[in-house]
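Trainee: Once you've had a glance at the structure underneath, I'll fire off some questions.
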Amino acid sequence: TQLLEQSPQFLSIQEGENLTVYCNSSSVFSSLQWYRQEPGEGPVLLVTVVTGGEVKKLKRLTFQFGDARKDSSLHITAAQPGDTGLYLCAGAVETSYDKVIFGPGTSLSVIP
Amino acid sequence: DSGVTQTPKHLITATGQRVTLRCSPRSGDLSVYWYQQSLDQGLQFLIQYYNGEERAKGNILERFSAQQFPDLHSELNLSSLELGDSALYFCASSVGSSYNEQFFGPGTRLTVL
């Protein structure tokens, strides 16, 4: 069974703090996506990483794909209340075309 | 706006009933995915269609079925509904490229009373 694990499950921080959330698996992924979901809405794609060791930046968000393409991290600098939401990672399994698995998510709350 | 549309937005029905949820993918996308999200289960993959054919199956119950039509829109049919089927149902689409980026619709909130 292919699984994606995310940690921490819940995170509550003050505005202005930095944070990192993690996404781990024993499977190798051909690509990995990060999504953010707000309550009652569909997940919104933030980024896709493809190459092992790749780092992508999106304003205050930094995404890294592990060298072995089995894990990823999302770092947020100077968090703002607008960053509040559920962060989901999703991996495209290398050996199965179009098969994507989602992690359980990290629920982030940024307190003003 | 992701370009994926879902109808209806809300659906309230009774146990034992049957409902149909509809999804139109982004223009040009060939893959449609269906997900169920409840508070205690997270986002659960149900089924995927690619260009009209079933591509992958996840945790989809036998009471549930789906199809993708020639115009690429998709329907998810839920029958013999139970209280536990109450959830948000999302449709997502992708072009089917190797990147597998999915674009999600706004969801249908199903309440079974």
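Quick mapping for you: the protein sequence lines, in order, are chains A and B.
Under this note's numbering, think of the first position of the first sequence as 1, with each following residue one higher.
Under this note's numbering, think of the first position of the second sequence as 1001, with each following residue one higher.
In this text, a Cβ means the ideal position worked out from N, Cα and C, and glycines have one as well.
Here the structure is a predicted model, which is why all the values come from computation and not from measurement.
1. Can you tell which of B/THR1013, B/GLU1101, B/GLY1105, B/PRO1008 has the C-alpha that lies nearest to the C-alpha of B/PRO1025?
2. Identify the contact partners of A/PRO104 in chain B, using a Cβ-Cβ distance below 7 Å as the criterion.
3. CA-CA distance, A/CYS89 and A/LEU4?
4. With the cut-off set at 8 Å, would you say A/TYR22 and A/ASP71 are in Cβ contact?
5. With a cut-off of 8 Å, does the C-beta of A/GLN64 fall near any C-beta of chain B?
6. Hey, is A/GLN9's beta-carbon within less than 8 Å of any beta-carbon in chain B?
7. Counting pairs of beta carbons, one from the segment 1002 to 1010 of chain B and one from the segment 72 to 81 of chain A, are three or more of them closer than 8 Å?
8. What residues in the segment 1083 to 1111 of chain B have a beta carbon less than 7 Å from any beta carbon of chain A?
9. I'd like the list of long-range same chain contacts for B/SER1080, defined as Cβ closer than 7 Å, with 5 residues on each side in sequence excluded.
10. Would you decide whether A/SER26 is buried or exposed? Buried here means 16 or more other CB atoms lie within 10 Å of its CB.
11. Is the number of C-beta pairs between the segment 54 to 73 of chain A and the segment 1064 to 1080 of chain B that are closer than 8 Å three or more?
12. Which whole-angstrom value is the C-beta distance of A/PRO81 and A/GLU15, which I expect to be below 8 Å?
13. Please state the DSSP three-state secondary structure of A/PHE53.
14. Buried or exposed for A/ARG69, going by 16 or more other Cβ atoms inside 10 Å?
15. 8 Å is my cut-off, CB to CB: does B/SER1027 come that close to chain A?
16. If A/PHE102 and B/LEU1043 are in contact, beta carbons under 8 Å, what's the gap, nearest whole angstrom?
17. To which residues does DSSP link B/ARG1055 through a beta bridge?
18. Three-state secondary structure (DSSP) at B/ASP1071?
Mentor: A quick look at the data gives this:
1. In the second sequence, the residue the question calls residue 1025 of chain B occupies position 25. Among B/THR1013, B/GLU1101, B/GLY1105, B/PRO1008, the Cα nearest to that of B/PRO1025 is on B/GLY1105.
2. Here residue 104 of chain A refers to the residue found at position 104 of the first sequence. Near A/PRO104 (Cβ distances below 7 Å), the residues of chain B are GLY1042.
3. Walking along the first sequence from the start, residue 89 of chain A turns up at place 89. Walking along the first sequence from the start, residue 4 of chain A turns up at place 4. The alpha-carbon atoms of A/CYS89 and A/LEU4 are separated by roughly 8 Å.
4. The residue you call residue 22 of chain A lines up with position 22 of the first sequence. The residue you call residue 71 of chain A lines up with position 71 of the first sequence. Yes, Cβ-Cβ distance for A/TYR22 and A/ASP71 is below 8 Å.
5. Counting from one through the first sequence, the residue named residue 64 of chain A turns up at place 64. A/GLN64 does not count as touching chain B.
6. Mapped onto the first sequence, residue 9 of chain A falls at position 9. By this cut-off, A/GLN9 is not an interface position.
7. no
8. PHE1090, GLY1096, SER1098, TYR1099, ASN1100, GLU1101, GLN1102, PHE1103, PHE1104, GLY1105, PRO1106, GLY1107
9. What you label residue 1080 of chain B is simply residue 80 of the second sequence in a count that begins at 1. Contacts found: GLY1016, ARG1063.
10. Locating residue 26 of chain A in the first sequence gives position 26, counting from the first residue. With fewer than 16 other Cβ atoms within 10 Å, it is exposed.
11. no
12. For the purposes of this step, residue 81 of chain A is taken as residue 81 along the first sequence, with counting starting at 1. For the purposes of this step, residue 15 of chain A is taken as residue 15 along the first sequence, with counting starting at 1. 6 Å between Cβ atoms; contact.
13. On the first sequence, position 53 is the one that residue 53 of chain A refers to. The residue you asked about is not Phe; residue 53 of chain A is Gly in the sequence shown. Looking at A/GLY53 - three-state DSSP - the assignment turns out to be coil, as it is neither helix nor strand.
14. Taking the first residue of the first sequence as 1, we reach residue 69 of chain A at position 69. Under this definition A/ARG69 is a buried residue.
15. Here residue 1027 of chain B refers to the residue found at position 27 when the second sequence is read from its first residue. Chain A, which has no Cβ nearer than 8 Å to the Cβ of B/SER1027, makes this no.
16. What you label residue 102 of chain A is simply residue 102 of the first sequence in a count that begins at 1. What you label residue 1043 of chain B is simply residue 43 of the second sequence in a count that begins at 1. Sure, about 5 Å apart at Cβ, within 8 Å.
17. Numbered from 1 along the second sequence, position 55 holds the residue referred to as residue 1055 of chain B. Per DSSP, none; premise fails for B/ARG1055.
18. Numbered from its first residue, the second sequence carries residue 1071 of chain B at position 71. In the structure shown, B/ASP1071 sits in coil (DSSP, three-state: anything other than H, G, I, E or B).
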